Every structure is written in structure tokens, then in C-alpha cells.
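Asker: Under the numbering used here, the first residue of the sequence shown carries the number 2, and numbering increases by one thereafter.
Think of the CB as a built atom: it goes at the ideal place given N, C-alpha and C, for glycine as much as any other residue.
Bear in mind the structure is a predicted one, so any value in this text is a computation, not a measurement.
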Amino acid sequence: MHPFSILTLGIFVAGYITARWDLVTRLYELAIFAAEYGVVIRAAKGVVALTALFLTIFVPVVWVARKETFLHPREPGIGVSAREQLRRRGVVVGWRNSTLDVFVVAILDDVDAKEVEHHLKGGSFFRSASHSPGRIYELCGHSSMHVLGVSNSITFDTVDPSWVCAITHPSSRTPTITCSKASSIQLILYDRPQPKHMQYISLEPIALALGDKRSIIDDPKVDATEDLIEQQERSAKEARQKLVDKLKQHTISNRVPSARDKALQKIINQVNWSWELEQTLQKNAWRLGPRPKRSLSVSEQVLESASTMRNYVHRQLWTLFAVYLFPTIRKAFVLFLLGHRAAAEAFLVILEFRIKPGYAALKDISATAQQIEIRLQQFCYWPMQYSKLRQRKMNWASVTTSHPDYIRFYNSLWLVANDVIIGIALGSYVIEHAEWVAARIGDLLSTYTVEALQSSISWLMDYPAGLKLNGELAIFLGDLFLWVIDYWSSCIETLNPALPKIVWFIGFTSFAGASMPIALFSDLLSVLTVHIYSFYLASARIYHWQLTILQSLFHLFRGKKQNVLRNRIDSCDYDLDQLLVGTILFTLLFFLLPTVVVFYLNFAIARMVIISMKAGFDTLLSCLNHFPLFALMLRIKDEKRLPGAYSVYTPRVSYFGG
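What follows is the structure, encoded as C-alpha cells:
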């Protein structure tokens, strides 16, 4: 097992033990009970009996199997490395991209070159394949493979002049390549990606993001209910597209792709298909020549009769399951999925409902509603993802179009599993300490949302930091805010008896995942600090009004006015009375401005602290919902499953004379 997989398993076990500590204590008590009443001794006797059975029966069977394997070896070429195949004598098979540009796929042993060429053109190698070879020829860019040369051949007289001749040496890792038509030869060695492990190379990095958002942005007919961010993204994309179109009109010359550029993607596909094609060729090359017939051995006859009886029993059981049980189970499962999908769609409609176009939906103002929407969308999308992944078995393993869907599907499953594991541990702690958590929340609310605001407002009503403020306005605003705070404090005191039940409910929801209590705490923070948000809106509105009036009066002094229709500043003649009244109002508002500013800054700082806390909750939710954990694990475990580019390394000796 991979070390990273062991670490992941250890983290899972540790999280489960933390969540189920009572189960661990019960297991410990059960172990003590087993030791006291002799259960361990009886288990040891059972282990000794099984060991004796293993030594007397299974070990001789393994010895007989090895003997049979030695007497009747398996087909050649299967399970042999590419370097070992290259050292053997055989026929080189692959793709001929041009007269002197060839791509080697496999080396077939103990076969005739002309017969191999005949079967390659006729498609005999793919007769027993589970899929049509048309997909192979389409992606690799040729109608068939060809014989490219020979490997370690004794005589070269009958070899075609366009063939390559490869000779390997025990002391060298690279073979010596010769060709009659080529003056010099460049050899490029490549690593075969294994499609069974979902390895492949590509010219572009793998795309793990869904294309739904992009299609919505590209659609010119966007619904009027889209939010401001989507409108800005769509406008920016349209502006960039217009700029690109203008630049294309002023382009002097365009570089025409060369034949090598066009062939690059074809060669990449040939590399991706090389392992599966080599396995198919080696599997069917054994059937080209004559095969010696022999009678079955005693062990093979016993195995054949046992297999026939076993297959008959399996076939009868499978028929019973396929005819009677499986259709019922499938219909029940389909009905369950349909009911689940209908309920999820109904909840999604409620979460996305807007009273009027342009108004905020429930998912836009509540973190809990947004989290529920994400989970419902995932549950609705998983069956489609799974059905799409099931279609991979209906095509060749080297087709790489479904690999991003595989990573997205299992990444979302893994994130949900981790979310549930963390949520169980968090929920167990919150439920067991609901009273203490509720008491701490009540203390924090009374300290920071009531007492801290009262002290800061009382400080602003005096001379804060030695500033000379307008006393009457400061007292008026301070008394108004303090009265609202006193009323809010009485509401919080009324809520305190029910706070432990609210905390217990939040802890109970964590069994659906740690993201649910985080979202609920975020909404609870918004509800319990709504008075601070109201103070911020009121002070910001007063501050904005005062700045707007001061700006208009400043234009009045300059003999200007703002033209709203044309959005510009025009000249204007004012009477003496207008100038006098404007001067008096400007003086009053200017001297009242510092008092309004300090109250606005006080509530703006409090609002920024709350926004920072909510941003922290949103960051945790984003990590739990969208962190590319599975992709990072694949990158660490096997980087070939997440291709981002390809590299060509030049050794010291890269050319071999012909």
C-alpha cells in the first residue's frame, strides 16, 4: 500500500475513534472480559488449528500450482517489460507517420514479418477485441499499423529498405538503429502511460472545472435575475472578445501551422494508445502461428471438471438473481432516486425564489441556505456523473475524455466523507458541552455587542482623543444609539434561556457534515449582530448625505452646478440670497462633519470585524466544499494522472549512424 494511502487511512481511523470514544471504552472492557474468561486461549487454539491446516493443505497446493506453471508456461509477451522485448528477436510494429518518421508500438516475437503485415492490414489482431478499432485509427490518424522493421535479426538481406533494424547490447541502455534510406537517425525513447491506471499525456492541462458557468456567461440571453457579479463577468468577457476581434482585424500576418504542428496531437494520441495496443498485439500474436496440441494433465482435468460444476451453480444463482431479484431492486432504487430528485428540485426552487427580479434570493442572504443548495446540487449531479463514468467500460481504456469527470466525482465524494467525519467529531463535542458553549456565546455577546458598543459611544459623546466635537449632535446621536442598544440587550437576555437548545440543534446538524454548523454559526452571527449592521447603515447614510450636500454647496461657491442629465458640471448664476444661505449651510455642515465621521468610523470598524469573521467562516466552507483534495492526492501518488505538460530530455548520445 502507498505510504500516503496509509496516512489517509490513519487519519480516517483517528477521526472515527475521536467521534466514537465510547465505543473504544466498550471494546477495552470487552478485551478485559475476554482475558478473564479464557476467550484469548480459545482464540489461540483456533489460530494454531488454522495454521496447521494451512501448512498441510494450502502449501502443497501452491507447490503443485508452481510445478504446473513451470511445465506449461504462459503465452510469450504477456507481462514482459518493453526493454526485455527489445532485447529479443522479433518484428517491430507501429505507426508510419511518414516515409522516415515511425512510431514503435510493440515488438512481436517468433512471428513472420509478412504474415504480421497481412494481419495488420486485415485487422485480424482486433477480431477478439471488446471494442471496434475504428476509434483507434481515428485518434491515431492512420487506417492501420505497419511492420516497421526487425529487432536483433541475424540476416538483413531480405529486409525492406525502409525498415529499421534495431540491435541491442547488454552494456548499453539504448539500441543501435540502422536504416538503408536514412543517413542519420534520431531516437526518442518514451514512457508508456498505462490507461488502466488512468495515466496519459496531453498538450493542455487537465480541466477540473465544470463548464456550466462558462456556458451561462457565453449565453447572450441571460436571465434578468442574475446577480451583479455574473453581470460584471459577462460584461468583462464581452469587452475582451470585442478587443480580440479588433486586434484580429489589424493583424498583419498569421502564422500558418506547419505539418509538424498538426502532427503533434496525433503523436500524443499514439503515445497514449501505445500500452493498450501493445497488450492487444502481444495477446493476439500468439494465435498467428501454429500451436502444438497436447492432452490435458490430471490436475487440469480435475480443474476443468470442478470449474464446470462451479460455473453451472454460478449460472443458476445468477439467473435467479437477474430474473427475480435484480429487476425489483432496480425499480425500487430508480423510484427512490426519482423521489429524491423531485424533492431536491423543489427545495432548490424555494432557495432560488426571488420576490421580484433583482431581489436577493434566500441562498444569497443565508449561508445555511447556500450550503443546503450546494449539497442538493451535488446529490442531483452524482447519478449523472456515475452513469457517465459507467460508459467508460463501453470504450477503449485509452480514451481520456472521462478522466476529469472521474476526478470531479471522487473529489466531491471524498470531500463529503471528510465533511461528515469532521462533523461527527465536532457535533459530539458541541452536544456534550452545549451548556458551556451557550454560556460562552452569551458572555461574548454581552461583552462585545452590548458593553463594548456602550463604552465606545459614551467615549464619543465626550471628547474622544482630545477632539472638539459638536456636543449637542454627539449627545443626540449617542442617546439614540444607546437607547437601541438597551432595547437589544433586553432581547438578548430573553433569548439566553433558549440559547443552549439552539447550540444543541447546531451540534446535531453537524452529523450532516461540519459545513452545516459552520454555516449556522455564520447565520447566527449575522442575526445576533443585526443592530450593529443597522447602526452602520444609519451612520453611513447620514455621512453620505452630508458629503453630497457639502459637494453641492461647494459647487455653488464656484458658480457651478451639476448637470444630472448630461453628467457634467455646468456654469450657473446664483442670486445673493442663494449664496448667503449656501454659505451658512456649508459652515454648519462643515463643523458638524467631524462628529458624524467619528460615529461612522466607530460602526464601520465594528462592521468590518463582523465581516472578517464571516469571511473566515466562508473560507472554511469553501475548503470543505471545493478543496481539490483528490486531485492533490493523485498528484502526490501518481503525477501522470494529472498531466500539465510534457518534457523531452536530450542524452549525451542521441544520434545513431546508419
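1) What's the call for residue 312, buried or exposed, on a 16-neighbour Cβ count within 10 Å?
2) Runs of 4 residues minimum, wholly inside the segment 366–414: which ones carry the alpha helix (DSSP H) assignment?
3) Pull the bridge partners of residue 168 from the DSSP assignment, please.
4) Ignoring anything shorter than 4 residues or poking outside the segment 408–453, list the alpha helix (DSSP H) runs there in chain order.
5) Just mark residue 420 as buried or exposed, buried being the case when its beta carbon has 16 or more other beta carbons within 10 Å.
6) Distance check for residue 105 and residue 125, CA to CA, integer angstroms please.
7) Looking at the structure shown, is residue 569 part of a helix, part of a strand, or coil, going by DSSP?
8) With a cut-off of 8 angstroms, do at least 3 Cβ pairs link the segment 454–473 to the segment 587–602?
9) Please state whether the Cβ-Cβ distance between residue 91 and residue 146 is less than 9 angstroms.
10) By the DSSP assignment, the beta strand (DSSP E) with residue 91 in it spans what residues?
11) May I ask you to report which of helix, strand or coil DSSP gives residue 562?
12) To the nearest angstrom, how far is it from the Cα of residue 610 to the Cα of residue 445?
13) Return the Cβ separation of residue 501 and residue 435 in integer angstroms, given the expectation that the two are a contact with Cβ distance under 8 angstroms.
14) Using beta-carbon positions only, say whether residue 383 and residue 348 come within less than 9 angstroms of one another.
15) Please state the DSSP three-state secondary structure of residue 189.
16) Using 8 angstroms as the Cβ pair cut-off and three pairs as the minimum, do the segment 418–432 and the segment 399–409 touch?
17) Check whether the segment 394–404 and the segment 129–149 touch, using three or more Cβ-Cβ pairs below 8 angstroms as the test.
18) Take every Cβ of the segment 524–536, pair it with every Cβ of the segment 480–490, and state whether three or more of those distances are shorter than 8 angstroms.
19) Please classify residue 114 as buried or exposed, where buried requires at least 16 other C-beta atoms within 10 Å of its C-beta.
20) For residue 644, does the count of other Cβ atoms within 10 angstroms reach 16, so buried, or fall short, so exposed?
21) Of all the options 138, 249 and 168, which has the alpha carbon lying nearest to the alpha carbon of residue 150?
22) Is the beta carbon of residue 615 sitting closer than 9 angstroms to the one on residue 200?
23) What's the call for residue 164, buried or exposed, on a 16-neighbour Cβ count within 10 Å?
24) Could you check what DSSP says for residue 356 in three-state terms: helix, strand or coil?
25) Helix, strand or coil for residue 251? Go by DSSP, reduced to three states.
26) Where does residue 315 sit, in a helix, a strand or coil, going by DSSP?
27) Is any heavy atom of the ligand NAD found at a distance shorter than 8 angstroms from the C-beta of residue 418?
28) Helix, strand or coil, according to DSSP, for residue 108 in the structure here?
29) Quick check: the Cα distance between residue 153 and residue 54, rounded to an integer number of angstroms?
30) Report yes if the C-beta distance between residue 630 and residue 415 is below 9 angstroms; otherwise report no.
31) Taking the DSSP output, what are the residues bridged to residue 1?
32) Taking the alpha-carbon positions, what's the residue 10 to residue 102 distance?
33) Kindly list the residues whose CB is nearer than 6 angstroms to the CB of residue 507, restricted to its own chain and excluding five residues on each side of it in sequence; keep chain order.
34) Is it buried or exposed, residue 233, if we count other Cβ atoms within 10 angstroms and call 16 or more buried?
35) What does the alpha-carbon distance come out to for the pair residue 496 and residue 380?
36) Determine the extent of the alpha helix (DSSP H) in which residue 266 is found, giving its start and end residues.
Answerer: In this structure, then:
1) Within the sequence shown, residue 312 is the residue found at index 311, counting from 1. Exposed.
2) 368–391
3) Position 167 of the sequence shown, counted from the first residue, corresponds to residue 168. 177, per the DSSP bridge assignment.
4) 435–445
5) Residue mapping note: residue 420 aligns to position 419 of the sequence shown, counting from 1. It is buried - the Cβ of residue 420 has at least 16 other Cβ atoms within 10 Å.
6) Your numbering for residue 125 matches position 124 in the sequence shown. Your numbering for residue 105 matches position 104 in the sequence shown. Approximately 19 angstroms, taken between the alpha carbons.
7) The residue you call residue 569 lines up with position 568 of the sequence shown. Residue 569 falls in the strand class under three-state DSSP.
8) yes
9) Sequence index remark: in the sequence shown, residue 91 carries index 90 (1-based). Sequence index remark: in the sequence shown, residue 146 carries index 145 (1-based). Not in contact: residue 91 and residue 146 (Cβ atoms no closer than 9 angstroms).
10) The count along the sequence shown starts at 1 and reaches residue 91 at position 90. Element bounds for residue 91: 91–97.
11) Indexing the sequence shown from 1 puts residue 562 at position 561. In this structure, residue 562 counts as strand in the three-state DSSP scheme.
12) In the sequence shown, the residue the question calls residue 610 occupies position 609. In the sequence shown, the residue the question calls residue 445 occupies position 444. Looking at the two C-alpha atoms, the distance is approximately 14 angstroms.
13) The residue given as residue 501 occupies position 500 in the sequence shown. The residue given as residue 435 occupies position 434 in the sequence shown. The Cβ separation is near 5 angstroms, so the contact holds.
14) On the sequence shown, residue 383 is found 382 positions in, with the first residue counted as 1. On the sequence shown, residue 348 is found 347 positions in, with the first residue counted as 1. No, these two residues do not count as a Cβ contact at 9 angstroms.
15) Stepping through the sequence shown from its first residue, residue 189 is reached at position 188. Three-state DSSP puts residue 189 in coil, outside helix and strand.
16) no
17) Short answer: they touch.
18) Flag = yes, the segment 524–536 and the segment 480–490 touch.
19) Translated into positions along the sequence shown, residue 114 becomes position 113. Residue 114 should be labelled buried.
20) Residue 644 sits at position 643 when you count from the first residue of the sequence shown. Classification for residue 644: buried.
21) The residue given as residue 150 occupies position 149 in the sequence shown. Of 138, 249 and 168, the residue nearest in Cα terms is 168.
22) Your numbering for residue 615 matches position 614 in the sequence shown. Your numbering for residue 200 matches position 199 in the sequence shown. Contact flag unset, no.
23) Counting from 1 along the sequence shown, the entry for residue 164 is found at position 163. By the 10 Å Cβ count, residue 164 comes out buried.
24) To locate residue 356, count along the sequence shown from 1; it is residue 355. Coil.
25) If you number the sequence shown from 1, residue 251 lands on position 250. Correct three-state label for residue 251: coil.
26) For the purposes of this step, residue 315 is identified with residue 314 of the sequence shown, where counting begins at 1. Residue state, collapsed to three classes: helix.
27) The ligand content of the structure shown is nil, which means the ligand NAD is not present either.
28) Translated into positions along the sequence shown, residue 108 becomes position 107. Residue state, collapsed to three classes: strand.
29) The residue you call residue 153 lines up with position 152 of the sequence shown. The residue you call residue 54 lines up with position 53 of the sequence shown. Cα-Cα distance, rounded: 51 angstroms.
30) Sequence index remark: in the sequence shown, residue 630 carries index 629 (1-based). Sequence index remark: in the sequence shown, residue 415 carries index 414 (1-based). Yes. Within cutoff.
31) Only positions 2 to 659 of the chain appear in the structure, and residue 1 is not among them; the question remains open.
32) Mapped onto the sequence shown, residue 10 falls at position 9. Mapped onto the sequence shown, residue 102 falls at position 101. CA-CA distance, residue 10 to residue 102, rounds to 48 angstroms.
33) Here residue 507 corresponds to residue number 506 of the sequence shown, with the count starting at 1. Correct list, in chain order: 518 and 521.
34) Position 232 of the sequence shown, counting from 1, holds the residue named residue 233. Residue 233 is classed as exposed because its beta carbon has fewer than 16 other beta carbons within 10 Å across all chains shown.
35) Here residue 496 refers to the residue found at position 495 of the sequence shown. Here residue 380 refers to the residue found at position 379 of the sequence shown. When rounded, the distance between both Cα atoms is 36 angstroms.
36) Taking the sequence shown and counting its residues from 1, one reaches residue 266 at position 265. Counting along the chain, the alpha helix (DSSP H) containing residue 266 begins and ends at 260–286.
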